[in-house]
Each structure stands twice: as C-alpha cells, then as structure tokens.
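Okay, structure first, notes after.
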Amino acid sequence: MEITVNKSLYRKLDRIQNSIMDTAEDVLYGLVFDTVRYTLTATNKNSGKIGAVDSGSYLESFSVMSGSVGRIRSVSSQGRPRNVSPEAVGSQVIATLNRDVSRIIASLDDTKGNRGPTVTLLNGSRYARDVEYKYGYRIFNKLRKIYG
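Following this line, the structure appears as structure tokens:
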C-alpha cells in the first residue's frame, strides 16, 4: 500500500512556515521598539522624571540574545556627558538591537523542526536594577506583560 503526498501540500507547509517566521520577526522587532519607547517614556516613581535616559548608558546596555547568538552589553556612564538627547540615543539603540534581531532571525533556519530558540532581552548596565526597582521605571515589568 502506498500514498503519494502531492506537491501542493509542501507549498502550503512552506507558506505556513514563512508566515510563522514573519510573525516571529514582527514580535522581535516590536520588542525592540517597545523597549526603547518604554525607556524614553517611563516615569520615575520618586522624582516624576520622564524617561530613564541621563547619559544614555542604560539604554545602550540593552541586548537581545538567543542561545549563543548575541552578547550582553554593558556600557559605563563614567566620563560620559549627561542630559544627552534621548531621541538620538534611542534611534542608535533601535539600530543596534535590530542588528541583534537580524542575527537571531538568520539563525532560525538552523532550528527547523524544533520549538525554536528562547529569546532574551537583557540589560547589562550596572544600574539596571536601580532603574527598574529603586527609581521605579519598571521597564522590564511593562515589557514582560506584553512579551513575557
């Protein structure tokens, strides 16, 4: 007994897989945009200051990793000017994080048939916990509600 799977089934499966990849890309690029947006618009619970940007080092310390793809960024604020343009730093960080995401997307071809990699957003700044909890910006908390 024998059954032949027609070629249209393979085309349909390819379209489904491409749709899933497009959705994964949209989610990851959305994570990048929302990370920068929340960092620029979050409010300090103590002072009422809008935006967690002073020297830009906290924002520049974000990275997106998946397995062995990517690395933890840690940018020091020591010796950097204060009161930098949040928009300028934000656009630079979006470009950097988009490169991280592009590398992850490129590596997804190696995981076909598997559940896929775990993607992690990290901030290697030594002030990351202070920004999140002490000053109450709660950037990771907001992102976790959407993407976590």
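Going by numbering that gives the first Met the number 0, the sequence shown opens with residue 0, and the numbers climb by one from there. C-beta atoms are modelled at their ideal positions from N, C-alpha and C, and glycine is treated no differently.
| Check | Outcome |
| --- | --- |
| Range covered by the alpha helix (DSSP H) that runs through residue 18 | 6-40 |
| Reduced DSSP secondary structure (H/G/I, E/B, other) of residue 43 | coil |
| Rounded distance between the beta-carbons of residue 130 and residue 37, thought under 8 Å | Incorrect: roughly 11 Å between the Cβ atoms, too far for contact. |
| Top-ranked residue by Cα proximity to residue 106, from 19, 66 and 3 | 66 |
| Residue nearest to residue 63 in terms of C-alpha spacing, selected from 138, 147, 118 and 133 | 118 |
| Simplified DSSP state of residue 118, which is helix, strand or coil | strand |
| Residue 54 versus residue 100 - alpha carbon distance | 25 Å |
| For residue 56, the three-state DSSP class (helix, strand or coil) | helix |
| Collapsed DSSP secondary structure at residue 145 in the structure displayed | helix |
| Residues near residue 42 by beta carbon distance below 6 Å, same chain, minus five either side | 49 |
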